[in-house]
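Take a look at the structure below.
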Amino acid sequence: MVKLVEMDEVITLAQQMKTKSNEPVTLINRFHVPAEVEEEFLERWEEDGQFMLSQGCLSGQLHKGIEGSSSYINIAVWESAAAFVKAFSNPEFQAVLASYPENISASPHLFEKIAVPGVCVA
Numbered sequence: 012m013v014k015l016v017e018m019d020e021v022i023t024l025a026q027q028m029k030t031k032s033n034e035p036v037t038l039i040n041r042f043h044v045p046a047e048v049e050e051e052f053l054e055r056w057e058e059d060g061q062f063m064l065s066q067g068c069l070s071g072q073l074h075k076g077i078e079g080s081s082s083y084i085n086i087a088v089w090e091s092a093a094a095f096v097k098a099f100s101n102p103e104f105q106a107v108l109a110s111y112p113e114n115i116s117a118s119p120h121l122f123e124k125i126a127v128p129g130v131c132v133a
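Count the sequence shown with the numbering used here and you get residues 12 to 133, in order.
And the structure:
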């Protein structure tokens, strides 16, 4: 099973999952994946990605660090925090999560878009 490591020092993913917001959210999840389990990681990520796309995930993208990095970043846009919470709590997803190699760590966190005048829109 993946070892969960909090991304934020102030708020946990579990605390974020208590939100009642129905606004879109972006999941950013950093993975540490040792080279010897990389292939298995990608197989499991494909499985959980397929499941999440059927549960309210609008899009997902996986990025790998360059030059032999063991870091991966998943960026997934969800129709709402509630949809993410429902999917994450689903026993089918939990079974896939449990099947990841043990020496992988993940740091999932939910974000919302913000506007910065002259730079980006929310």
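The beta carbon of each residue, even a glycine, is placed where N, CA and C say it ideally should be.
Computed from a prediction, not measured in an experiment: that's the story for all the values here.
Residues of its chain near residue i, where Cβ-Cβ distance is below 6 Å and the 5 sequence neighbours each way are ignored
i	result
K14	S116
For residue i, the three-state DSSP class (helix, strand or coil)
i	result
Q66	coil
K29	coil
G71	strand
V21	coil
Beta-carbon spacing of residue i, residue j below 8 Å
i	j	result
F95	F62	no
H43	S81	yes
Start and end residues, beta strand (DSSP E) containing residue i
i	result
P102	From DSSP, P102 is part of no beta strand (DSSP E) but of the alpha helix (DSSP H) over P102 to A109.
A133	Run containing A133: none; DSSP gives neither H nor E here.
S82	S82 to W89
I39	V36 to H43
Cβ of residue i within 8 Å of any chain C Cβ
i	result
P102	Chain labels in this structure do not include chain C; a single protein chain is all it has.
Heavy atom of the ligand COA within 7 Å of residue i beta-carbon
i	result
C131	Although the ligand COA was asked about, the structure shown includes no ligands whatsoever.
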